[in-house]
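K.L.:
Residue numbers (our numbering): 117 to 194.
Set out below in structure tokens:
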């Protein structure tokens, strides 16, 4: 969700759960970040079947405090 940009990406897919066999353990080792201390027991693979950028019409813009301060400063200079 991108509130300031009023964009939303909807992803539709099917999940494949991998766990308990050597192929799953190999996949976990390949995907695991080096700094991770506790290895996961399973992997969820999402096979994306469709995606859609939703219409921004009904997405209310929302900003973090930092983004709002930046916008306020920019509009004050103009």
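Positions of the beta carbon are idealized from the N, C-alpha and C atoms, including for glycine.
The structure displayed is predicted, hence computed values, not measured ones.
1) Pop quiz: residue 143 and residue 164 are said to be a contact at Cβ under 8 Å. What is the actual Cβ separation, rounded to whole angstroms?
2) Roughly how far, in whole angstroms, is the beta-carbon of residue 161 from the beta-carbon of residue 155, given that I think they are within contact range, below 8 Å?
3) Among 171, 186 and 194, which has the Cα closest to the Cα of residue 117?
4) Identify the residues that DSSP records as bridge partners of residue 123: which are they?
5) Quick test of your reading: residue 135 and residue 157, contact by CB under 8 Å. State the CB separation rounded to the nearest angstrom.
6) Please list the terminal residues of the continuous alpha helix (DSSP H) segment that includes residue 157.
7) Can you list, in chain order, the residues of its chain whose CB lies under 8 Å from that of residue 141, leaving out five sequence neighbours each side?
P.N.:
In brief:
1) The beta-carbon distance between residue 143 and residue 164, rounded to whole angstroms, is 18 Å. This is too long to meet the 8 Å contact definition.
2) About 17 Å separates the two Cβ atoms, so there is no contact after all.
3) Put simply, of 171, 186 and 194 the residue whose alpha carbon is nearest the alpha carbon of residue 117 is 171.
4) 118.
5) Taking 8 Å as the upper bound for CB-CB distance, residue 135 and residue 157 are in contact here, some 6 Å apart.
6) Looking at the DSSP string, residue 157 is not in any alpha helix (DSSP H), and its letter there is neither H nor E.
7) There are no such residues.
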